[in-house]
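> Chains as they are written, first to last, in our numbering: chain A, 3 to 160; chain B, 3 to 160; chain C, 3 to 160. Every residue, glycine too, gets a C-beta built ideally from N, C-alpha and C. Dropping the structure in here first, questions after.
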Amino acid sequence: MVTLLPSLAQARDAIVDYAAAIDDLRLKEWPEMFTDPCLYRITTREILQRGQPLSIMLCDNRAMLFDRVEAIEQANIFEPHLYRHILNDSRRIPGPDDALNLETGFMVIRTMMTGEQDLFLSGKYIDEIIESEGRVLFRSRTVVLDSSLVDTLIAIPV
Amino acid sequence: MVTLLPSLAQARDAIVDYAAAIDDLRLKEWPEMFTDPCLYRITTREILQRGQPLSIMLCDNRAMLFDRVEAIEQANIFEPHLYRHILNDSRRIPGPDDALNLETGFMVIRTMMTGEQDLFLSGKYIDEIIESEGRVLFRSRTVVLDSSLVDTLIAIPV
Amino acid sequence: MVTLLPSLAQARDAIVDYAAAIDDLRLKEWPEMFTDPCLYRITTREILQRGQPLSIMLCDNRAMLFDRVEAIEQANIFEPHLYRHILNDSRRIPGPDDALNLETGFMVIRTMMTGEQDLFLSGKYIDEIIESEGRVLFRSRTVVLDSSLVDTLIAIPV
């Protein structure tokens, strides 16, 4: 697979589209936004600071991402809710030469089907973004949460 | 009236200025940001999903928008408060050819005069934006709220 | 000192980097982002509306900013916590000709070491930004808080 570096604007569009797809519950589009294999990891700032290898969620290929979506849509084991991502600007950070390496602060508001809303999550995305066959894809997305209290509550991907 | 398509940057400036005008309580500028006639509608995601024609607020010309502002400034029937809009990037979406069609996720923090703050609203704007006589204007702005619980509380336009 | 006007994109990068430095607790970088002398002031919308000269925090040179950082890092008198800034687009506003004058709405989420999170602050930055010797610096940053209730709680700079 030949991969190229996307422009900052292309990568930003992918980051914004990712958030919109999840917020609109178009979850089947989510795995398609990654390379295969890929890395999707949710962890916390505290875990990273301690240098621990722990993850709240870890998927390293598209099939695992699809499984996650199917579990959400079929098993329906969680109370229905929606996300609203709010994103900061994306900043270039050091990383592998063969990807565009960006960091993006974010927060997520959660709306329950009862209408109740809360500030659900905040943190930053650390992304390796590439372009392949005309598509801009996440090769690696690490979600670093600010708080360490939220792990069991995350059903929908962040 | 000859209308043109604004650039994405021009339309984005209008979206940001709109939020700033409301957050600064420069409400008299609000109707001037729309064409006449226009469409300003507040609804919810649930209503749209059901395909219902219901609105929490609906104005289809500038005079109605001005009436709304006058009611807020004169009748003073609500407890004074302020908004702070936080906006996501604007994304192009399908829509009429003769307007720039954008979707913009947002949240609003409300600050009461007592100083208390809360996460008041989240949702997305669905906009048709045009340029006329050198001005960038909203021909249609639909506010789609994530929650269905907030209708009676909205005094200041979103 | 010869100062130049930065471009809007350069100034925006400085505004985003400022938020990231604080959110990552790289506080020693904070004073370096200002000119010397400078103006860093935290006040409230209510104080400004009344035309009062009051400030919740006021520093007019880098040494004062460094003192502030040292007090935070050494005295450790407050319960440890982290910020997450979420920024709106930056808008040009009137101001001195020899600086780029920008206004930027923002909110801050606070995460305590226990993991609890709250919506901590909202408001806007009013900035005078200049370029000197290839660096983009804040000559003046006024933080205008939406609420008047928060003064005693602000330990980390906003």
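To the nearest angstrom, how far is it from the Cα of residue 61 (chain C) to the Cα of residue 40 (chain C)?
The residue you call residue 61 (chain C) lines up with position 59 of the third sequence. The residue you call residue 40 (chain C) lines up with position 38 of the third sequence. Linking residue 61 (chain C) to residue 40 (chain C) through their CA atoms gives a straight-line distance of about 8 Å.
> Which of helix, strand or coil does DSSP assign to residue 112 (chain B)?
Taking the second sequence and counting its residues from 1, the one referred to as residue 112 (chain B) is at position 110. Residue state, collapsed to three classes: strand.
> Comparing the C-beta of residue 128 (chain C) with each C-beta of chain B, is any distance below 7 Å?
In the third sequence, the residue the question calls residue 128 (chain C) occupies position 126. Not closer than 7 Å to any Cβ of chain B, the Cβ of residue 128 (chain C) fails to qualify, so no.
> Hey, does residue 66 (chain A) have any beta-carbon neighbour from chain C nearer than 7 Å?
Along the first sequence, read from residue 1 onward, the residue named residue 66 (chain A) stands at position 64. So, not an interface residue.
> Mind checking which residues open and close the beta strand (DSSP E) that includes residue 133 (chain B)?
Reading the second sequence from its first residue, position 131 is the one you call residue 133 (chain B). From DSSP, the beta strand (DSSP E) with residue 133 (chain B) extends over 119 to 134.
> If we ignore side chains and look at the alpha-carbon of each, how far apart do residue 140 (chain A) and residue 13 (chain A) end up?
Residue mapping note: residue 140 (chain A) aligns to position 138 of the first sequence, counting from 1. Residue mapping note: residue 13 (chain A) aligns to position 11 of the first sequence, counting from 1. Spanning the alpha carbons of residue 140 (chain A) and residue 13 (chain A) requires a straight line of approximately 9 Å.
> With a threshold of 16 other CB atoms inside 10 Å of the CB of residue 130 (chain C), please say whether the residue is buried or exposed.
The sequence position of residue 130 (chain C) within the third sequence is 128, counting from 1. By the 10 Å Cβ count, residue 130 (chain C) comes out buried.
> Secondary structure at residue 145 (chain A), three-state DSSP: helix, strand or coil?
The count along the first sequence starts at 1 and reaches residue 145 (chain A) at position 143. DSSP places residue 145 (chain A) in strand when its eight states are reduced to three.
> Return the bridge partner residues of residue 5 (chain A) from the DSSP annotation.
Numbered from its first residue, the first sequence carries residue 5 (chain A) at position 3. Paired residues: A:134.
> Which runs of the alpha helix (DSSP H) at least 4 residues long sit entirely within the stretch 59 to 102 of chain C? Give them in chain order.
64 to 72
> Measure the Cβ-Cβ separation of residue 133 (chain B) and residue 33 (chain B) and say whether it is below 7 Å.
Residue numbering aside, residue 133 (chain B) sits at position 131 when the second sequence is read from its first letter. Residue numbering aside, residue 33 (chain B) sits at position 31 when the second sequence is read from its first letter. It is not a contact, given that the beta carbons lie outside the stated cut-off.
> With distances taken Cα to Cα, identify the nearest neighbour of residue 102 (chain C) among C:49, C:110, C:143 and C:84.
Within the third sequence, numbered from 1, the residue matching residue 102 (chain C) stands at position 100. Of all alpha-carbon atoms in C:49, C:110, C:143 and C:84, the one lying nearest the alpha-carbon of residue 102 (chain C) is that of C:143.
> Please state the DSSP three-state secondary structure of residue 33 (chain A).
Here the question's residue 33 (chain A) lines up with position 31 in the first sequence. Looking at residue 33 (chain A) - three-state DSSP - the assignment turns out to be helix.
> According to a CB-to-CB cut-off of less than 7 Å, which residues of the stretch 90 to 118 of chain B neighbour chain A?
90, 91, 93, 107 and 109
> Given a cut-off of 7 Å on the beta-carbon distance, is the pair residue 92 (chain B) and residue 109 (chain B) in contact?
Along the second sequence, read from residue 1 onward, the residue named residue 92 (chain B) stands at position 90. Along the second sequence, read from residue 1 onward, the residue named residue 109 (chain B) stands at position 107. With contacts defined by Cβ atoms closer than 7 Å, residue 92 (chain B) and residue 109 (chain B) do not form a contacting pair.
> 7 Å is my cut-off, CB to CB: does residue 158 (chain C) come that close to chain A?
Translated into the one-based positions of the third sequence, residue 158 (chain C) becomes position 156. By this cut-off, residue 158 (chain C) is not an interface position.
> Suppose you measure from the CA of residue 48 (chain A) to the CA of residue 118 (chain A); what does that come to, to the nearest Å?
Residue mapping note: residue 48 (chain A) aligns to position 46 of the first sequence, counting from 1. Residue mapping note: residue 118 (chain A) aligns to position 116 of the first sequence, counting from 1. Near 29 Å, if we compare the C-alpha coordinates of residue 118 (chain A) and residue 48 (chain A).
> For residue 16 (chain A), count the other beta carbons within 10 Å of its own beta carbon; 16 or more makes it buried, fewer makes it exposed. Which is it?
Position 14 of the first sequence holds residue 16 (chain A). Per the 10 Å Cβ criterion, buried.
> For the alpha helix (DSSP H) containing residue 52 (chain C), name the first residue and the last one.
Sequence index remark: in the third sequence, residue 52 (chain C) carries index 50 (1-based). That residue, residue 52 (chain C), is in no alpha helix (DSSP H); it is neither H nor E in DSSP.
> Do you know whose CA, among A:104, A:149, A:158 and A:135, lies nearest residue 5 (chain A)'s CA?
Position 3 of the first sequence, counting from 1, holds the residue named residue 5 (chain A). With distances taken between Cα atoms, residue 5 (chain A) lies closest to A:135.
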